[in-house]
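As structure tokens, the structure follows; a few thoughts come after it.
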Amino acid sequence: MKKGLVTGANKGIGFEIAKQLMEKDFHVLLGARDINRGKAAADELGENVTFIQLDLSSADSIYQAVQEVKKEHSDLSLLINNAGIGGNMEHGPMETDILDLREAFEVNFFGTFELTRGILLLIKENEGTILNVTMEMASLAILSQGILPNSFTYNTSKTANNAMLVGFAHELKDTQAQIFAVTPEPTSTDLNDHYPLGKTPAEGAKIIVDYATDGKWHHGQMLMKDGFMPW
39 MKKGLVTGAN KGIGFEIAKQ LMEKDFHVLL GARDINRGKA AADELGENVT
89 FIQLDLSSAD SIYQAVQEVK KEHSDLSLLI NNAGIGGNME HGPMETDILD
139 LREAFEVNFF GTFELTRGIL LLIKENEGTI LNVTMEMASL AILSQGILPN
189 SFTYNTSKTA NNAMLVGFAH ELKDTQAQIF AVTPEPTSTD LNDHYPLGKT
239 PAEGAKIIVD YATDGKWHHG QMLMKDGFMP W
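The sequence shown maps to residues 39 to 269 in the working numbering.
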């Protein structure tokens, strides 16, 4: 049975990703910041799930989680970096509070970077996959068109995450491991105050899980349901 770690998996898209991976015979490591909520989500999913306490804003929490994975789950072959925060989605750069910006970068970029770097050698050894959950709001090509909200905190921190993807893709070149990004496309979640026109979390998760498990080579790419997403 394959093993996959999903961050931010106690609710929303992350929970649905974990659920759908289990339906594909994965043992899921359910990463969540809040212990009570994480354990409750794991209990709801039932067998073949292990709760991993993981707060991406805490270097100590990330270190402890990485050590637990290395010790107890050295056969891990899939990491899905789903966890993220939005900050104030209504503020452009002039209205953005610097503390909100730092908080978003701590989770969306620095924490995700530390976790990915800590897990990378396992994924490389196991010829596995790292999948970063991205969004259209992280695409410079799309943002520059001016058709999406100028949500400065979220947009910039997730765009930085895409740049991180490129760096790790270079680290994995000439190996049988891969890293790529997928957008679930606009989905109704807590992050966007349950956007009424968005996909359900289950629909968004299906896009991600389908790419994560299709057995194809997507290394270094940014993808949406029907093909490539522009950088």
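By construction, the Cβ of each residue, glycine as well, lies at the ideal position given by its N, Cα and C atoms.
**Item:** Residue from Leu116, Phe89 and Asp113 whose Cα sits closest to the Cα of Ala16
**Value:** No statement about residue 16 is possible, as the shown extent of the chain runs from 39 to 269 and does not include it.
**Message:** Quick check: what's the CA-CA separation for Ala80 versus Lys57?
**Reply:** The residue labelled residue 80 in the question sits at position 42 within the sequence shown. The residue labelled residue 57 in the question sits at position 19 within the sequence shown. Going from the Cα of Ala80 to the Cα of Lys57 covers about 10 angstroms.
**Asked** Whole-angstrom Cβ separation of Leu160 and Glu174, contact assumed at under 8 angstroms?
**Response** Mapped onto the sequence shown, residue 160 falls at position 122. Mapped onto the sequence shown, residue 174 falls at position 136. Not really, about 31 angstroms apart at Cβ, beyond 8 angstroms.
**Request:** Have a look at Asn146, Lys162, Leu169 and Gly184 and flag the residue whose alpha-carbon is nearest the alpha-carbon of Thr191.
**Result:** Numbered from 1 along the sequence shown, position 153 holds the residue referred to as residue 191. Nearest of Asn146, Lys162, Leu169 and Gly184 to Thr191, Cα basis: Asn146.
**Request:** Determine the extent of the beta strand (DSSP E) in which Val44 is found, giving its start and end residues.
**Result:** Translated into the one-based positions of the sequence shown, residue 44 becomes position 6. Taken as a continuous stretch (DSSP letters only), the beta strand (DSSP E) holding Val44 covers Lys40 to Val44.
**Prompt:** In whole angstroms, what is the alpha-carbon distance linking Leu67 and Leu92?
**Reply:** Within the sequence shown, numbered from 1, the residue matching residue 67 stands at position 29. Within the sequence shown, numbered from 1, the residue matching residue 92 stands at position 54. Spanning the alpha carbons of Leu67 and Leu92 requires a straight line of approximately 11 angstroms.
**Burial state of Lys237, where buried means 16 or more other Cβ atoms lie within 10 Å** = Position 199 of the sequence shown, counted from the start, is the residue given in the question as residue 237. Buried: at least 16 other Cβ atoms inside 10 Å.
**Prompt:** Who are the Cβ neighbours of Gly258 in its own chain at under 6 angstroms, not counting the five residues just before and after it?
**Reply:** Walking along the sequence shown from the start, residue 258 turns up at place 220. Excluding residues within five positions, the ones whose Cβ falls inside 6 angstroms are Ala207.
**Item:** Contact the stretch 68–78 vs the stretch 260–268: 3+ CB pairs below 8 angstroms
**Value:** Below 8 angstroms, too few C-beta pairs join the stretch 68–78 and the stretch 260–268 to call them touching: fewer than three.
**Message:** My output table needs one value for Ala219: the three-state DSSP class, helix, strand or coil.
**Reply:** Here residue 219 corresponds to residue number 181 of the sequence shown, with the count starting at 1. Ala219: strand per DSSP, three-state reduction.
**Request:** Starting from Phe206, trace the alpha helix (DSSP H) both ways and give me its first and last residue.
**Result:** As a position in the sequence shown, residue 206 is number 168, starting the count at 1. Per DSSP, Phe206 belongs to the alpha helix (DSSP H) from Phe190 to Glu209.
**Request:** Flag this pair as yes or no: are the beta carbons of Ile168 and Leu117 separated by less than 8 angstroms?
**Result:** Sequence index remark: in the sequence shown, residue 168 carries index 130 (1-based). Sequence index remark: in the sequence shown, residue 117 carries index 79 (1-based). Against a cut-off of 8 angstroms, the Cβ pair of Leu117 and Ile168 comes out as a contact.
**Prompt:** How about Leu178 and Thr150: are their beta carbons less than 8 angstroms apart?
**Reply:** As a first step, residue 178 must be located in the sequence shown, where it is residue number 140. As a first step, residue 150 must be located in the sequence shown, where it is residue number 112. For the pair Leu178 and Thr150, the CB atoms are not nearer than the 8 angstroms cut-off.
**Prompt:** What three-state label does DSSP hand Leu114 in the structure shown?
**Reply:** Position 76 of the sequence shown holds residue 114. Under the three-state reduction of DSSP output, Leu114 falls in the strand class.
**Message:** Checking the sheet assignment: what are the DSSP bridge partners for Gln105?
**Reply:** In the sequence shown, counting from the first residue as 1, residue 105 sits at position 67. Gln105 pairs with nothing; no bridge assigned.
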